[in-house]
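If you read the protein sequences in the order shown, they are chains A and B. For the first sequence, the working numbering assigns the number 1 to the initial residue and increments by one for each residue that follows. For the second sequence, the working numbering assigns the number 1 to the initial residue and increments by one for each residue that follows. Data block below; observations after.
Number of protein chains: 2
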Amino acid sequence: MEHFEDHHKLEHDYSALLEVAKGIEQPPIVNPYFKKKARQRYSTEEYVQGIRAGNITILSQAITLVESLLPRHYAQAQEIIERCLPYAGHSIRIGITGVPGAGKSTFIEAIGYMITGLDHKLCVLAIDPSSERSGGSILGDKTRMETLVHNPDVFIRPSPAAGSLGGVARKTRETIVLCEAAGFDVVFVETVGVGQSETAVHSMVDLFMLLQIAGAGDELQGIKRGIMEMADMIGITKADGTNKERTELAKSHFVNALQLFPMPESGWKPKVYTCSSVEKTGLREIWGGVEDFLQFTRQNGYFTENRNRQSRYWMYESIDEVLKDSFYRNPAIRDRLPEIEQEILENRKSSFVAAKELLDIYFDRNPEQAQ
Amino acid sequence: MEHFEDHHKLEHDYSALLEVAKGIEQPPIVNPYFKKKARQRYSTEEYVQGIRAGNITILSQAITLVESLLPRHYAQAQEIIERCLPYAGHSIRIGITGVPGAGKSTFIEAIGYMITGLDHKLCVLAIDPSSERSGGSILGDKTRMETLVHNPDVFIRPSPAAGSLGGVARKTRETIVLCEAAGFDVVFVETVGVGQSETAVHSMVDLFMLLQIAGAGDELQGIKRGIMEMADMIGITKADGTNKERTELAKSHFVNALQLFPMPESGWKPKVYTCSSVEKTGLREIWGGVEDFLQFTRQNGYFTENRNRQSRYWMYESIDEVLKDSFYRNPAIRDRLPEIEQEILENRKSSFVAAKELLDIYFDRNPEQAQ
Chain A
1 MEHFEDHHKL EHDYSALLEV AKGIEQPPIV NPYFKKKARQ RYSTEEYVQG IRAGNITILS
61 QAITLVESLL PRHYAQAQEI IERCLPYAGH SIRIGITGVP GAGKSTFIEA IGYMITGLDH
121 KLCVLAIDPS SERSGGSILG DKTRMETLVH NPDVFIRPSP AAGSLGGVAR KTRETIVLCE
181 AAGFDVVFVE TVGVGQSETA VHSMVDLFML LQIAGAGDEL QGIKRGIMEM ADMIGITKAD
241 GTNKERTELA KSHFVNALQL FPMPESGWKP KVYTCSSVEK TGLREIWGGV EDFLQFTRQN
301 GYFTENRNRQ SRYWMYESID EVLKDSFYRN PAIRDRLPEI EQEILENRKS SFVAAKELLD
361 IYFDRNPEQA Q
Chain B
1 MEHFEDHHKL EHDYSALLEV AKGIEQPPIV NPYFKKKARQ RYSTEEYVQG IRAGNITILS
61 QAITLVESLL PRHYAQAQEI IERCLPYAGH SIRIGITGVP GAGKSTFIEA IGYMITGLDH
121 KLCVLAIDPS SERSGGSILG DKTRMETLVH NPDVFIRPSP AAGSLGGVAR KTRETIVLCE
181 AAGFDVVFVE TVGVGQSETA VHSMVDLFML LQIAGAGDEL QGIKRGIMEM ADMIGITKAD
241 GTNKERTELA KSHFVNALQL FPMPESGWKP KVYTCSSVEK TGLREIWGGV EDFLQFTRQN
301 GYFTENRNRQ SRYWMYESID EVLKDSFYRN PAIRDRLPEI EQEILENRKS SFVAAKELLD
361 IYFDRNPEQA Q
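What follows is the structure in structure tokens.
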């Protein structure tokens, strides 16, 4: 975005906070006489009432406002969120990560069906900063969850389209507020684990679930650094037919690995489950594990403490993102930065003197004055 | 520090960059006629020449300048560092972490003696933000390394006194420059692992060594999250006498644990060693491992790439620290922050709206203008 002036004038519009999806593109239409039906515009009051009544159409449009790039949409979206906040928070938020092929969609479909049978209302969101909205994300992709999508107690929303991870995470967190106000009491946030997506998801959920498939004994080698330590629960999928033996073996590998990690902050020792979305086995055990975790962490205070910390975390993250944004987009900084990096790499300048030089430029100070 | 005005005037002196140890306090003296000998003052040129000649007295005083709080000392220190930079970099930097009781000092003493016998010049530094200089840090404490301290090829320096970890880390990195210019070709940076000390040390060394003692089979439980994954090498100490069997068992636990982690970026699979500083066993193997690691990472380019990344990291870290410092010390922000945190915790405001409100205050913007 090239509309930045120096930080004193601050014409920049906190794009890190405001960064939203591009408008949804309509597919090309063959019939030239087809008139696009104008999307109905609601007042803030109508949105809020509609959401609270559980009206899915209105909820979807409100989320589209949240994801919109237009400033007037942003303004209304923030009003809606603020008015929904008092009704939010009453759900269990579960993060689900697993590489493509781990059977995430099938798992969510199967366990989602089971959960709604237990009188819950489920909302499935996704974080995938590499998704192209018009192309359809493989996550939260309605076409992959064929029965779930027809279930009136389930709401599925694809990931907001490509943008910074910070932007996608913000929109997802705000979407959770709206979904909770609409009465959804179980929220799944799924991710394939591109970049730092797991960390973002982990920072907005109560329980983080890692899905794995049994490999050739080498399951653990493929896992990204730090993911195992984030997991409150591990599920090994496709425990059906001839694959059962391999999943049991994989389970023992993970159980051993988990013994080697320190006790998590929650105080809850993560467990490993096997399951089959096809044979519908293991799902009740997994959901039982979720409920046990919930009861335990509510009792020892970790649940609330974690949510509070997450709220503060997102405020501090946003502040940090904008402060850095303001600095690194400053034209004088952009000008000088490549040379200064070169000076550091060639040992002509220490990292700290380089930093000070750039900070002097940014804060418009005379170097001698700084001392 | 209460001398901050708003960020436009910027009277703050980048204290995050400048934060240094308090002046060294002299112990109380009984004899009232004892005159403190004035520390000799050198010119920058004399410092640089003295350091390059390997003069330990002059090196020590230069480091004291680096650690000093006084602006004129800071200015001269930076000149000295800048002039020593071209002669720095020619050493192997090794981070050593281990809980108190792991036998770090004894290990450093024993392996230090061996290393100097191989024609190296060793410098032992420490990062311990909780240390009180006048009290004497247990790290780099000369009284605990009784033979090493008399070795003319060894230079030991306690950790700079309590201050922010960022400040301590900066001073240590600058001290490394001076020591390398003075001809020291092996640098140890030790830490007990308070807070994020290991991360700071890891970001300034070529090889990170974790020292452990054999426990009751529970060694791994005590390790802080993420430390195992930082280690390029693990040494299990006190493998002497009746303890040998336990150290072998501990070694197997660590070997198994390491199998479960992904390959590190270096491409070097970390190894586990046992050693006894008392019986002087295992030390040659460990040093052989260090040399193998060096040769391997120099050959595959990781050594240089890592150093470059570290240099850039410290520049970005410093910038980030000052940007945040400027924000959080702003009086209007300090005023508003506690209330805003409360509003978030009580779900009266979303994290993002809270961030935006504070940013508007800081950048002195009218909220409506921001849109």
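Glycine is no exception: its CB is placed at the ideal position from the N, C-alpha and C atoms.
Query                                                                                                                     : Result
Residues that Ile156/B bridges to, as DSSP identifies them                                                                : Val124/B
Cβ-based neighbour list, Ile51/A, same chain, cut-off 8 Å, excluding 5 preceding and 5 following                          : Ile58, Leu59, Ala62, Ile80, Cys84, Leu178, Ala181 and Ala182
Within chain A, partners of Pro86/B - CB distance below 7 Å                                                               : Asn347
Pro331/A versus Ile319/A, Lys349/A and Leu358/A, residue with shortest Cα-Cα distance                                     : Leu358/A
Meets three-Cβ-pair contact criterion under 8 Å: the segment 119-126 of chain A and the segment 146-165 of chain A        : yes
Beta-carbon neighbours of Gln78/B, restricted to chain A and to distances below 7 Å                                       : Val353
Limits of the alpha helix (DSSP H) - the one that Gly117/A falls within                                                   : Lys104 to Gly117
Neighbour flag for Ser311/B against chain A, beta carbons, 8 Å                                                            : yes
Chain B contact residues for Val177/A, given Cβ-Cβ distances below 8 Å                                                    : Ser350
Interface partners of Ser318/B on chain A, CB under 7 Å                                                                   : Ser351, Phe352 and Ala355
Sufficient close CB pairs (3 or more, under 8 Å) joining the segment 189-209 of chain B to the segment 240-250 of chain A : no
Nearest neighbour of Phe254/B, chosen from Thr297/B, Gly267/B and Ala231/B [CA to CA]                                     : Ala231/B
Assumed close pair Ser277/B, Thr304/B - CB separation to whole angstroms, cut-off 8 Å                                     : With 8 Å as the limit, Ser277/B and Thr304/B do not qualify as a contact, their Cβ atoms being about 32 Å apart.
Closer than 8 Å to chain B by CB, Leu359/A                                                                                : yes
CB contact below 8 Å: Ala257/A versus chain B                                                                             : yes
Cβ contact (3+ pairs, closer than 8 Å) linking the segment 272-288 of chain A and the segment 105-121 of chain A          : yes
Closest by C-alpha distance to Ile108/A, when choosing among Met145/A, Ala77/A and Asn55/A                                : Met145/A
Straight-line gap, Gly215/B to Ala102/B (C-alpha atoms, nearest Å)                                                        : 11 Å
Whole-angstrom distance between Phe363/B and Ala77/B, CA atom to CA atom                                                  : 34 Å
Every unbroken alpha helix (DSSP H) within the segment 314-360 of chain B, with a cutoff of 4 residues, ordered by chain  : 331-345
Chain B contact residues for Met114/A, given Cβ-Cβ distances below 8 Å                                                    : Near Met114/A there are no residues of chain B at all, since even the closest Cβ is about 30 Å away, more than 8 Å.
Lys280/B, DSSP secondary structure in three states                                                                        : coil
Cβ of Pro398/A within 8 Å of any chain B Cβ                                                                               : With chain A covering 1 to 371 only, the question about residue 398/A has no answer from this structure.
Separation of Tyr74/B from Ile223/B, as counted between CA atoms                                                          : 38 Å
Coarse secondary structure for Thr199/A, derived from DSSP in three states                                                : helix
Inter-residue Cα distance where the pair is Ile372/A and Trp314/B                                                         : A question about residue 372/A goes unanswered here, because the residues of chain A that appear run from 1 up to 371.
Euclidean distance between Cα positions of Leu65/B and Glu321/A                                                           : 35 Å
Short CB-CB distance (under 8 Å) between Phe303/B and chain A                                                             : no
Beta-carbon gap between Ile127/A and Ser159/A smaller than 8 Å                                                            : yes
Beta-carbon proximity of Ile234/B to Glu198/B, cut-off 8 Å                                                                : no
Alpha-carbon to alpha-carbon, Ile94/A and Ala355/A                                                                        : 40 Å
Cα-Cα separation, Asn308/B to Pro86/B                                                                                     : 15 Å
Within 8 Å, strictly: CB atoms of Val189/A and Thr172/A                                                                   : yes
Contact list for the segment 183-196 of chain B against chain A, Cβ threshold 7 Å                                         : none
Beta strand (DSSP E) segment containing Val66/A, residue limits                                                           : Per DSSP, Val66/A belongs to no beta strand (DSSP E); it is in the alpha helix (DSSP H), Ile56 to Glu67.
Where Met315/A meets chain B, residues with beta-carbon distance less than 7 Å                                            : Ile344, Ser351, Ala354 and Ala355
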